[in-house]
Structure formats: C-alpha cells, structure tokens
Amino acid sequence: MAEVPVIQILEKEKFFTQHIVPLPHAVPYPPLTAPSSLRLRTKVMCLTTNNVSYARLGFLFGWWDVHPLPPSTPAQYNDPAKYGRTNCWGFAEVLESTVASVPKGAYLWGYLPLGTLAQDVTVEEGAIPGQIFVTNDYRKGVMAIYNRYFVHPASLKDEIEKKADGLAYDAIVRVMFETSYLLNRYVFASDPKETVYPGMDPKAQWSPAQADITGATVIFLAPGSKAALAFAYELRNARGGTQVKKIVGATSESSRNFVEGTESYDDVILTSESSASVLSKLQVGAKDKVVLVDFGGCAGVGAKWAAEFKRTHNNFLMIGVGSEISESSQEDALKALTAKGSSAIGINANDMRIRAMEKVGEKKYFDNLAAAWDSFKKVGIKGLKITWGDNMEDVKKGWDKLCRGEATPEEGLVYRL
Numbered sequence: 382m383a384e385v386p387v388i389q390i391l392e393k394e395k396f397f398t399q400h401i402v403p404l405p406h407a408v409p410y411p412p413l414t415a416p417s418s419l420r421l422r423t424k425v426m427c428l429t430t431n432n433v434s435y436a437r438l439g440f441l442f443g444w445w446d447v448h449p450l451p452p453s454t455p456a457q458y459n460d461p462a463k464y465g466r467t468n469c470w471g472f473a474e475v476l477e478s479t480v481a482s483v484p485k486g487a488y489l490w491g492y493l494p495l496g497t498l499a500q501d502v503t504v505e506e507g508a509i510p511g512q513i514f515v516t517n518d519y520r521k522g523v524m525a526i527y528n529r530y531f532v533h534p535a536s537l538k539d540e541i542e543k544k545a546d547g548l549a550y551d552a553i554v555r556v557m558f559e560t561s562y563l564l565n566r567y568v569f570a571s572d573p574k575e576t577v578y579p580g581m582d583p584k585a586q587w588s589p590a591q592a593d594i595t596g597a598t599v600i601f602l603a604p605g606s607k608a609a610l611a612f613a614y615e616l617r618n619a620r621g622g623t624q625v626k627k628i629v630g631a632t633s634e635s636s637r638n639f640v641e642g643t644e645s646y647d648d649v650i651l652t653s654e655s656s657a658s659v660l661s662k663l664q665v666g667a668k669d670k671v672v673l674v675d676f677g678g679c680a681g682v683g684a685k686w687a688a689e690f691k692r693t694h695n696n697f698l699m700i701g702v703g704s705e706i707s708e709s710s711q712e713d714a715l716k717a718l719t720a721k722g723s724s725a726i727g728i729n730a731n732d733m734r735i736r737a738m739e740k741v742g743e744k745k746y747f748d749n750l751a752a753a754w755d756s757f758k759k760v761g762i763k764g765l766k767i768t769w770g771d772n773m774e775d776v777k778k779g780w781d782k783l784c785r786g787e788a789t790p791e792e793g794l795v796y797r798l
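This is the structure in structure tokens:
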C-alpha cells in the first residue's frame, strides 16, 4: 500500500498556526513521462528561524509561490489567499527521473517544501556539473538561489540512514554559512577588486571605506545564531592580511552560556547594557570603526544601539542580516523592514551570490565556497546539539517550539522523513 503523503499548511496571516494535513487522494502517483523532469520527495529537512522568515515575508519575495498548494489539498485548506506552504533547506530524494544526469535514487540539496508529498518539477542543467535549475513557470519570478539545486549521489542514503552529523550541518547551517561567507569574502573583501554591495538595490554603491573593516570592532546581535557563528568563524579564519580588531557577541542573559561556550568571540556582552558602557568596556576610541551586525536580536536593540553609536562615532556601519521571530502581519512586516532600513543596510544572499560570481566566475565561486564549507564543517560549532526527528508529527512539534520561542540557540532541529 502506498504511503499516504502528509504536508504542513500554514495560515498566511497567522503563520504560527499550522495544519498537518494527510493527502490520501494524491496517491498513487502517475508515471513520470514529461521530458527534463524529476519527481522529488523531501527526505532531510531542518527548522530554523529562516523558516519563519520565509512565512513572514513570503508575500513580499514570492516564497509562498515556490511550493503551491497541491490539487489534492482538502477543500477547507484549498484557498491560496489564506493558506500556503513554507519552505526549508535540506535534501530531496529523486523518486523518478527523465533527466539522464540525475538518476532515480539520487538526492538534491536545496529549497524544499515541508512534507512527504512528492512534487514533479521541470529542470535544466546548470553551467556547473552537478547543479540544476527548476524552470517551472510558477517559479520564474523566484530568486535564482531558490531554484538552484545541487546533485548528490545515491550513496548519500547511507549517511541519511546513519543520521550523520555532516548531513545535519548541510541541512541546518549550509545556506547560512554561504551568507556569512559572502559577507566576509565579498562585502568586506580583503581584495578591493572583489568587493560587492550586499543589498538588493542594483544601483547602490558600496564604497571602499564601507568595505574596509581592518581594525574594526565588529559587534554581533543574536551571536548564537548559526549565521552569526559562521560569520565569526570567517572573520577569524579567512581574512588574509586584513584583520578586524575585535569580534564581540552581544547576547541576552539566557543565551550567554552557550555564546561564551562556542569560543567564537573575543568578548561577550549583554544587550541589556547601554551603548556607552559597551564601547567603554570594549575600549573603542571615538575614531575607531564600529560595525554592528544584526542577525536577529531582540526587537529595538539594534536600532537603539545604532542611534547611540552614530552620535559618538562617525565611522559606524550597521548591517541587517536577520530578524527576531514574530508573527507579524504583512503591514507590520513592511513597517519593520522600512524602520530597519533607515539604520541598517539589509543584505540579500541571492544578489550577493550573483555579484560574487560576476567578479570571479561561477566555477571559481562554487569551488572556493565548497572548500570553505568543508573546512567549517570539520571544526563545527562548539556546543551545538543536533536533534533528529523522524516524521511530520515531529516537524509539527518543532515548528510549535520555534514559534513559541522555546528553541534554544544551541539546538539544531533536523528531520529525516
């Protein structure tokens, strides 16, 4: 008897509210006969703050459209204006294939739906062997980073069965590492010729003075986040001859022990402190450069500190990477983005990647990224505890935990479906 697929469906305006929905009428699947097509099923996936961001800002960036509600969705949930599916990073198993280079039994790493329902996609080969792009019409308006998939051999099944830590890192941290890699290697590039602007505006300029963080004090908000820890690693290990002065984690009291235990920061301070006491404690002079990087700290802290730093330091820069988990309306989400944009330069991984590839070439970019990722995985994140779940009920519990704010920074939530 065929497995009854199960998917997660969210309420778009109340995306903390989820429904785990079986789809008995979706099976059996018909034969896959269309050319250049793959039938994929999510096999390994993660839950992080990214998942919530995809739901919160899905209306703005088209993320609700990446994996639409399937035709077999029950009537009570089959209103795309009200309901939708959010996305995750991980591995999908190739159940069927009409693509010679991607055989049945292979795996793809990339942007996946939450659930066990198979999906059929049309693909084309990328310029780099082992990479493919999804080309379905409904995904043509989606940023390229979400349509690019990386092919892995069928032998990956052994690692999946073992629930290998390296596989969990690929699901949980890999895309966040790339964001931090781009920040270090290209936004704050040691080689000025490779510098790129971090945001979405194609006309915006990124000056050499902004890009130069030599001797800067770099302060992280939400320093326990995976992206923050990856950026701290990059700053410490991949700066060439241009080193920052100090890497500082600004955290809440509840996360302090984990952040200190990672040994990723030169100093760990509390977000409850005033900006004046922070800079005094860190021995930051009035002419020294200060870079504040917000990976999703408590609401209001970044804006408050930025305003205070600006008054005392002319050489100040704020970068916005993430945001605090919150169930905000579309209107409130837009207001928050606008408010943050007034003090922080927001980044976009898709645009950074495209500009970086234009600088060094596509092959060199991915070769260098793969080498850097392998180096990071060998070291790992000290204190990170990987927790595996095994089914959509476990995913449901993980989503609720994330939305209630009960997931701690030292947890890595990954699932084998």
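Just so you know, we're using the working numbering here: the sequence shown kicks off at 382 and counts up by one.
Backbone N, C-alpha and C fix where the C-beta goes; we use that ideal spot for every residue, glycine too.
This one's a predicted model, so the numbers in the text were calculated from it and none came from an experiment.
In the structure shown, N468 adopts extended strand secondary structure according to DSSP, grouped into three states.
Here the C-alpha atom of S536 lies approximately 17 angstroms from the C-alpha atom of A552. For F697, no alpha helix (DSSP H) run applies; the uninterrupted beta strand (DSSP E) run containing it begins and ends at F697 to G703, by DSSP. Per DSSP, reduced to three states, the secondary structure at P589 is helical. Under the three-pair Cβ rule at 8 angstroms, the region 527-547 does not count as touching the region 560-567.
Beta-bridge partners assigned by DSSP to Q399: L391. Looking from the CA of W686, the closest CA among K668, S655, D669 and Q664 belongs to S655.
The residues P604, G605, G630, T632 and V649, in chain order, have a CB closer than 6 angstroms to that of V640 in the same chain once the five nearest residues on each side in sequence are set aside. Here the C-alpha atom of R797 lies approximately 27 angstroms from the C-alpha atom of T516. Note on geometry: alpha-carbon atoms of W769 and V659 lie some 38 angstroms from one another.
Nearest neighbour of R734 by Cα position, chosen from I388, P579 and N528, turns out to be P579.
Residue pairing from DSSP places V629 in a beta bridge opposite I600 and D648. Beyond the five residues adjoining it in sequence on each side, D647 comes within less than 8 angstroms, by CB distance, of K627, I628 and V629 in the same chain, given in chain order. In this structure R692 is exposed. Its beta-carbon is surrounded by fewer than 16 other beta-carbon atoms within 10 angstroms. Linking D781 to A753 through their CA atoms gives a straight-line distance of about 33 angstroms.
DSSP places S658 in no beta strand (DSSP E) but in the uninterrupted alpha helix (DSSP H) bounded by S656 to K662. Judged by DSSP secondary structure, K538 falls within the alpha helix (DSSP H) whose first and last residues are L537 to K543.
For F757, the enclosing alpha helix (DSSP H) begins and ends at E743 to V760.
Each residue's CA atom was taken as its position, placing N696 and R620 some 20 angstroms apart. For the set P403, T643, Y530 and P409, the Cα lying nearest the Cα of V483 is the one of Y530. The continuous stretches of beta strand (DSSP E) do not include M557, which lies in the alpha helix (DSSP H) extending over residues R555 to L563.
When the Cα atoms are used, G677 and A383 turn out to be separated by approximately 42 angstroms. Around the beta-carbon of Q586, fewer than 16 other beta-carbon atoms lie within 10 Å, marking it exposed. Apart from the 5 residues on each side of it in sequence, W445 sits with its Cβ closer than 7 angstroms to the Cβ of K393, G439 and G465 in its chain, given in chain order.
Contact check for N731 against Y527 passes: the beta carbons are separated by less than 9 angstroms.
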